[in-house]
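In terms of our numbering, the sequence shown opens at residue 47 and continues consecutively.
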Amino acid sequence: MASTVSAHREKKAAAGNSILAAVFLTVLKLIVGLITGSLGILAEAAHSLLDLVAAVVTFLAVRISDKPADYEHTYGHGKIENFSALFETVLLFVTCAWIIYEAVRRIFFATIEVDPSVWAFLVMAVSIGIDVSRSRMLYRAARKHHSQALEADALHFSTDIWSSAVVIVGLVLVWLGQNVFPAASKVLHRADAVAALGVAVIVFFVSFRLGRRTMDVLLDRAPDGLPQKLREAAAEVEGVLGVGQVRVRRSGPVFFVDMTVDVDRNQSFERTHTIADAVEVRVQSIAPGADVVVHTDPREVERETMAKRIRAVAYRNQMAVHNIGLHEDRDRVFVDLHLEVDDHLSLQQAHEMASHIEKDLLQDMPEIEQVYIHLESRGTGIGDGLDVTPRESELVDEVKRLTDEIAGPSRCHNVRVLRHGEKMSVSLHCHFEKDLSIIQIHDLTSRIEQRLIKNIPGLDRCIVHAEPASH
Numbered sequence: 047m048a049s050t051v052s053a054h055r056e057k058k059a060a061a062g063n064s065i066l067a068a069v070f071l072t073v074l075k076l077i078v079g080l081i082t083g084s085l086g087i088l089a090e091a092a093h094s095l096l097d098l099v100a101a102v103v104t105f106l107a108v109r110i111s112d113k114p115a116d117y118e119h120t121y122g123h124g125k126i127e128n129f130s131a132l133f134e135t136v137l138l139f140v141t142c143a144w145i146i147y148e149a150v151r152r153i154f155f156a157t158i159e160v161d162p163s164v165w166a167f168l169v170m171a172v173s174i175g176i177d178v179s180r181s182r183m184l185y186r187a188a189r190k191h192h193s194q195a196l197e198a199d200a201l202h203f204s205t206d207i208w209s210s211a212v213v214i215v216g217l218v219l220v221w222l223g224q225n226v227f228p229a230a231s232k233v234l235h236r237a238d239a240v241a242a243l244g245v246a247v248i249v250f251f252v253s254f255r256l257g258r259r260t261m262d263v264l265l266d267r268a269p270d271g272l273p274q275k276l277r278e279a280a281a282e283v284e285g286v287l288g289v290g291q292v293r294v295r296r297s298g299p300v301f302f303v304d305m306t307v308d309v310d311r312n313q314s315f316e317r318t319h320t321i322a323d324a325v326e327v328r329v330q331s332i333a334p335g336a337d338v339v340v341h342t343d344p345r346e347v348e349r350e351t352m353a354k355r356i357r358a359v360a361y362r363n364q365m366a367v368h369n370i371g372l373h374e375d376r377d378r379v380f381v382d383l384h385l386e387v388d389d390h391l392s393l394q395q396a397h398e399m400a401s402h403i404e405k406d407l408l409q410d411m412p413e414i415e416q417v418y419i420h421l422e423s424r425g426t427g428i429g430d431g432l433d434v435t436p437r438e439s440e441l442v443d444e445v446k447r448l449t450d451e452i453a454g455p456s457r458c459h460n461v462r463v464l465r466h467g468e469k470m471s472v473s474l475h476c477h478f479e480k481d482l483s484i485i486q487i488h489d490l491t492s493r494i495e496q497r498l499i500k501n502i503p504g505l506d507r508c509i510v511h512a513e514p515a516s517h
């Protein structure tokens with residue numbers, strides 16, 4: 047925040063100082079131009095007057111562009127700087143037109159005496175000194191803060207440098223015609239007007255380049271090569287499988303980047319968000335301060351297991367599945383799975399969900415012959431449970447006895463009994479040999495859970511926590 051405030055202050059200070067410089071130069075050139083009758087100096091006075099107008103416009107534009115985004119201007123107010131630059135470019139073209147008209151009139155149709163006095167040379171020298179100082183300061187601020195309005199203001203002052211130099215050359219030639227080469231005075235007398243034409247040519251071409259860049263920004267033209275650089279940078283981020291659309295636009299000094307990247311469709315939302323954040327950081331390393339929006343598209347990866355593909359189809363439909371079973375018989379695959387549904391749904395609604403995911407699975411994976419779906423409550427709520435373990439010692443002993451029949455003696459511990467109205471649930475820890483495989487452990491814990499539920503009246507839920515036995 048402090049750096050942003052400092053940047054705003056620097057931009058406004060640069061624009062404000064330009065106004066003071068433009069006022070001084072305009073008044074000085076106008077007075078000397080009227081005294082000497084030099085079209086070159088009067089042209090410079092007109093040019094400086096437009097510099098003053100441009101400096102005021104720049105100052106106002108910089109103030110407005112620094113306002114934060116609001117409800118009506120969601121991208122901020124940065125475009126006002128680009129409109130300011132375009133307006134200043136139009137002013138420069140108007141200046142060129144007037145100078146060309148007056149120069150042609152003086153060369154071919156009118157004769158006006160020019161007095162190349164020491165004051166004429168002095169004012170142009172002072173003008174060049176001030177213009178050099180202001181243009182450097184403005185260009186420095188424009189590059190630092192990426193401000194096209196300040197760049198346009200700097201252009202006004204930098205063109206003054208060259209045009210002032212051309213005017214001095216014209217005045218020198220007029221003086222030579224009056225004092226050194228009187229025979230050529232008629233020709234050299236027109237050098238002032240010719241010099242003014244030179245001013246117009248310089249201003250026109252420089253203004254044209256700035257105007258073209260300004261129009262590029264207003265028409266949202268992406269800077270040459272920037273989208274490709276951003277695409278290559280995003281592709282290097284770990285977890286990005288591909289880069290789709292890349293859009294870049296500029297508003298004032300700020301770039302806005304919209305990008306689509308492909309990620310593994312089986313990754314968690316948290317992992318996907320982390321990848322998007324990493325892409326944003328890489329983009330901002332190339333376009334500092336850019337406002338970046340990264341959209342992630344799920345994509346199937348090579349050698350994806352069928353279970354992952356099934357989960358991906360479920361995620362795509364905003365559903366959750368578990369206990370996926372796959373059975374193959376002569377190149378035909380049969381799938382059974384548990385589909386989690388909300389408790390409040392009716393059977394008809396839940397069946398429609400199951401039919402929808404079944405249709406998608408058969409369409410996406412033709413190798414599947416048939417899908418069997420078990421509807422299961424998602425259990426989103428937290429039910430009331432009363433810990434009755436201390437007064438259910440006989441039940442705890444029965445749990446241990448039934449468990450020992452499958453797991454072995456003295457393997458069961460930390461038994462807890464919770465009562466939910468007329469129903470009960472049991473959780474327990476059980477030691478198993480540490481070398482057993484996960485498949486074997488799953489088989490043993492499932493057998494224990496099934497035996498307890500079958501043999502203990504009122505027990506409808508059982509969880510066995512497996513632990514490696516220590517000898």
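Even glycine gets a Cβ: it sits at the ideal position worked out from N, Cα and C.
Indicate whether residue i and residue j have their beta-carbon atoms separated by less than 7 angstroms.
{"i": "Ser-193", "j": "Pro-344", "result": "no"}
{"i": "Ala-353", "j": "Val-303", "result": "no"}
{"i": "Asn-460", "j": "His-477", "result": "no"}
{"i": "Ala-400", "j": "Leu-385", "result": "yes"}
{"i": "Val-213", "j": "Ala-188", "result": "no"}
{"i": "Val-38", "j": "Asp-443", "result": "Not covered by the structure: residue 38. The range shown for the chain is 47 to 517."}
{"i": "Asp-15", "j": "Arg-295", "result": "The shown model of the chain, from 47 to 517, leaves out residue 15, and the question about it has no answer."}
{"i": "Leu-71", "j": "Ser-210", "result": "no"}
Closer than 6 angstroms by C-beta to residue i: which residues in its own chain qualify, once you throw out the five before and the five after it? Chain order, please.
{"i": "Ser-181", "result": "Ala-200, Phe-203 and Ser-204"}
{"i": "Asp-37", "result": "The chain is shown from 47 up to 517; residue 37 falls before or after that span and cannot be answered."}
{"i": "Trp-208", "result": "Ile-248"}
{"i": "Cys-458", "result": "Lys-446, Thr-449, Leu-474 and Cys-476"}
{"i": "Asp-375", "result": "none"}
{"i": "Gly-288", "result": "Asp-308"}
{"i": "Thr-426", "result": "Confidence in Thr-426 is poor, its pLDDT being 49 and thus under 50, which makes the residue's placement unreliable; the coordinate value appears in the next sentence. Correct list: empty, nothing qualifies."}
{"i": "Arg-493", "result": "Ile-452"}
Counting only C-beta atoms, is residue i closer than 7 angstroms to chain B at any point?
{"i": "Ile-81", "result": "Note that chain B does not occur in the displayed structure, where there is just one protein chain."}
I need the straight-line Cα distance from residue i to residue j, nearest angstrom please.
{"i": "Val-283", "j": "Glu-415", "result": "39 angstroms"}
{"i": "Ser-64", "j": "Ala-101", "result": "6 angstroms"}
{"i": "Lys-113", "j": "Gly-122", "result": "7 angstroms"}
{"i": "Val-69", "j": "Leu-98", "result": "6 angstroms"}
{"i": "Ala-281", "j": "Phe-301", "result": "20 angstroms"}
{"i": "Ser-516", "j": "Leu-482", "result": "13 angstroms"}
{"i": "Glu-513", "j": "Leu-464", "result": "22 angstroms"}
{"i": "Ala-67", "j": "Thr-135", "result": "19 angstroms"}
{"i": "Gln-291", "j": "Ile-509", "result": "48 angstroms"}
{"i": "Gly-257", "j": "Arg-317", "result": "45 angstroms"}
{"i": "His-390", "j": "Glu-398", "result": "14 angstroms"}
{"i": "Val-78", "j": "Thr-141", "result": "19 angstroms"}
{"i": "Val-367", "j": "Leu-441", "result": "34 angstroms"}
{"i": "Glu-404", "j": "Val-472", "result": "34 angstroms"}
{"i": "Ala-107", "j": "Leu-184", "result": "15 angstroms"}
{"i": "Arg-328", "j": "Val-245", "result": "45 angstroms"}
{"i": "His-420", "j": "Ile-321", "result": "34 angstroms"}
{"i": "Leu-527", "j": "Arg-151", "result": "Any question about residue 527 goes unanswered here, given that the chain covers just 47 to 517."}
{"i": "Val-286", "j": "Phe-315", "result": "14 angstroms"}
Consult DSSP for residue i and reduce its assignment to one of helix, strand or coil.
{"i": "Leu-391", "result": "coil"}
{"i": "Lys-58", "result": "helix"}
{"i": "Ala-512", "result": "strand"}
{"i": "Ser-473", "result": "strand"}
{"i": "Leu-482", "result": "coil"}
{"i": "Leu-421", "result": "strand"}
{"i": "Arg-267", "result": "coil"}
{"i": "Pro-503", "result": "coil"}
{"i": "Phe-302", "result": "strand"}
{"i": "Phe-105", "result": "helix"}
{"i": "Leu-287", "result": "coil"}
{"i": "His-402", "result": "helix"}
{"i": "Asp-308", "result": "strand"}
{"i": "Leu-498", "result": "helix"}
Whose C-beta lies closer than 7 angstroms to the C-beta of residue i among residues of the same chain, with five residues either side of it excluded?
{"i": "Lys-469", "result": "Gly-504 and Asp-506"}
{"i": "Val-178", "result": "Ile-207"}
Given residue i, which residues of its chain have a CB within under 8 angstroms of its CB, disregarding the five upstream and five downstream residues?
{"i": "Leu-137", "result": "Leu-96, Val-99 and Ala-100"}
{"i": "Phe-105", "result": "Lys-58, Ala-61, Gly-62, Ser-64 and Ile-65"}
Looking at the ligand FAD, does it come within less than 6 angstroms of residue i, judged from the CB to the closest heavy atom?
{"i": "Glu-282", "result": "Looking at this structure, you won't find the ligand FAD or any other ligand, since it has none at all."}
Check whether the segment 213 to 232 and the segment 92 to 100 touch, using three or more Cβ-Cβ pairs below 8 angstroms as the test.
no
Just checking, does the segment 325 to 336 make contact with the segment 268 to 278 on the three C-beta pairs under 8 angstroms criterion?
yes
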